[in-house]
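First comes the structure, then the notes that go with it.
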Amino acid sequence: EPEVTQTPSHQVTQMGQEVILRCVPISNHLYFYWYRQILGQKVEFLVSFYNNEISEKSEIFDDQFSVERPDGSNFTLKIRSTKLEDSAMYFCASSESLPGANYGYTFGSGTRLTVV
Amino acid sequence: QKEVEQNSGPLSVPEGAIASLNCTYSDRGSQSFFWYRQYSGKSPELIMFIYSNGDKEDGRFTAQLNKASQYVSLLIRDSQPSDSATYLCASAAGYSTLTFGKGTMLLVSP
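Heads up: the sequence lines are chains A and F, in that order.
Numbered according to the working numbering, the first sequence spans residues 1 to 116.
Numbered according to the working numbering, the second sequence spans residues 117 to 226.
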């Protein structure tokens, strides 16, 4: 069964450092997403990406965050200057179409980011 | 503000019983609803979705939607210990992204 692949599975970084989280979405999917889940909290939307541009972003996705699809397969999330409160599990997801069209996401296994 | 509310639980049921998980949503524009299962430390897995009022069955799972009451539920028949997980309800309106609830923890005891 096709999978969304995320690397690394765990990243520890010092406050103020830049981190890049990587994702390989399912090959025939067109919509890509980043969500995060702080321990014990709900899964929160960060950003969606379609046709090589951001289609929607949340209030969480401020100037410290950026996304990129540098080639035909990878989808990355960059946090420029990490803060303690950025510590969370970050999930990449992809879908064939939009949820409003009754397509659910396939989530990757996540990257646990710990900022110290 | 789009909100999806779930009782955090835990909901405890014995093996073989029916587990009933509930969810309410605030955005009347929501059209599609999704149930995900999340094991501790793992990513959400899609169980099923529903967009029409009424029931939708898939194996041991039945999703129920009542748009007038803004209420979604998931029934799990013949619950197994392996069903013990957190169940996330999510909604989508039009062409927007998914909004998740905090989830309900289900514990199925042998």
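We put the beta carbon where it would ideally sit given N, CA and C, even for glycine.
Just so you know, these numbers come straight off a predicted model, no measurement behind them.
Distance between beta carbons of residue j and residue i, contact taken as under 8 Å
i: residue 119 of chain F; j: residue 152 of chain F; result: No, residue 119 of chain F and residue 152 of chain F are not in contact; Cβ-Cβ is about 17 Å, not under 8 Å.
i: residue 149 of chain F; j: residue 165 of chain F; result: 6 Å
i: residue 209 of chain F; j: residue 147 of chain F; result: 6 Å
i: residue 14 of chain A; j: residue 91 of chain A; result: Actually they do not touch by this definition, with Cβ atoms about 23 Å apart.
i: residue 95 of chain A; j: residue 104 of chain A; result: 7 Å
i: residue 136 of chain F; j: residue 185 of chain F; result: Not confirmed; about 15 Å, so no contact.
i: residue 114 of chain A; j: residue 87 of chain A; result: 5 Å
Simplified DSSP state of residue i, which is helix, strand or coil
i: residue 197 of chain F; result: helix
i: residue 84 of chain A; result: helix
i: residue 71 of chain A; result: coil
i: residue 1 of chain A; result: coil
i: residue 174 of chain F; result: strand
i: residue 11 of chain A; result: strand
i: residue 120 of chain F; result: strand
i: residue 129 of chain F; result: strand
i: residue 167 of chain F; result: coil
i: residue 141 of chain F; result: strand
i: residue 208 of chain F; result: strand
i: residue 17 of chain A; result: coil
i: residue 66 of chain A; result: strand
i: residue 38 of chain A; result: coil
i: residue 162 of chain F; result: strand
i: residue 189 of chain F; result: strand
i: residue 214 of chain F; result: coil
i: residue 184 of chain F; result: coil
i: residue 59 of chain A; result: coil
i: residue 155 of chain F; result: coil
i: residue 116 of chain A; result: coil
i: residue 223 of chain F; result: strand
Selected residue, minimal CA-CA separation from residue i, among the options
i: residue 163 of chain F; options: F:155, F:122, F:143; result: F:155
i: residue 222 of chain F; options: F:214, F:182, F:200; result: F:200
i: residue 43 of chain A; options: A:55, A:49, A:13, A:60; result: A:60
i: residue 2 of chain A; options: A:15, A:18, A:17, A:28; result: A:28
i: residue 63 of chain A; options: A:112, A:110, A:18; result: A:18
i: residue 55 of chain A; options: F:213, F:220, F:218, F:217; result: F:213
i: residue 127 of chain F; options: F:184, F:191, F:161; result: F:191
i: residue 58 of chain A; options: A:95, A:34, A:96; result: A:34
i: residue 40 of chain A; options: A:89, A:107, A:6; result: A:89
i: residue 158 of chain F; options: A:81, A:5, A:87, A:109; result: A:109
i: residue 4 of chain A; options: F:160, F:203, F:138; result: F:160
i: residue 139 of chain F; options: F:168, F:167, F:218, F:225; result: F:218
i: residue 82 of chain A; options: A:6, A:116, A:107; result: A:116
i: residue 45 of chain A; options: F:143, F:224, F:216, F:180; result: F:216
Next on the checklist: For the pair the region 126-133 of chain F and the region 195-205 of chain F, tell me if three or more CB-CB distances fall below 8 Å.
Outcome noted: The count of Cβ pairs closer than 8 Å, one atom from the region 126-133 of chain F and one from the region 195-205 of chain F, reaches three, so the stretches are in contact.
Checklist entry - Taking a cut of 7 Å between CB atoms, which residues from the region 79-98 of chain A lie near chain F? => result 91, 98
Next on the checklist: Beta carbons nearer than 8 Å to chain F: which residues of the region 40-74 of chain A have them?
Outcome noted: 41, 42, 43, 44, 45, 48, 56
Checklist entry - Are the region 120-127 of chain F and the region 170-177 of chain F touching, with three or more C-beta to C-beta distances below 8 Å? => result no
Checklist entry - Is the region 72-85 of chain A touching the region 10-24 of chain A in the sense that three or more CB pairs, one from each, lie closer than 8 Å? => result yes
Checklist entry - Quick one, which residues of the region 197-218 of chain F are near chain C if we go by CB-CB under 9 Å, in chain order? => result The question asks about chain C, but that chain is absent: this structure's protein chains are A and F.
Checklist entry - Looking at C-beta atoms only, is the number of pairs between the region 91-107 of chain A and the region 9-20 of chain A that lie closer than 8 Å three or more? => result no
Checklist entry - What are the residues of the region 160-179 of chain F that lie near chain A, defined by any Cβ-Cβ distance shorter than 7 Å? => result Correct list: 160, 162, 165, 167.
Next on the checklist: Under 8 Å, with one C-beta from each stretch per pair, do the region 64-73 of chain A and the region 36-51 of chain A reach the 3-pair mark?
Outcome noted: yes
Checklist entry - the region 140-153 of chain F: which residues have C-beta closer than 7 Å to a C-beta of chain A, in chain order? => result 147, 148, 150
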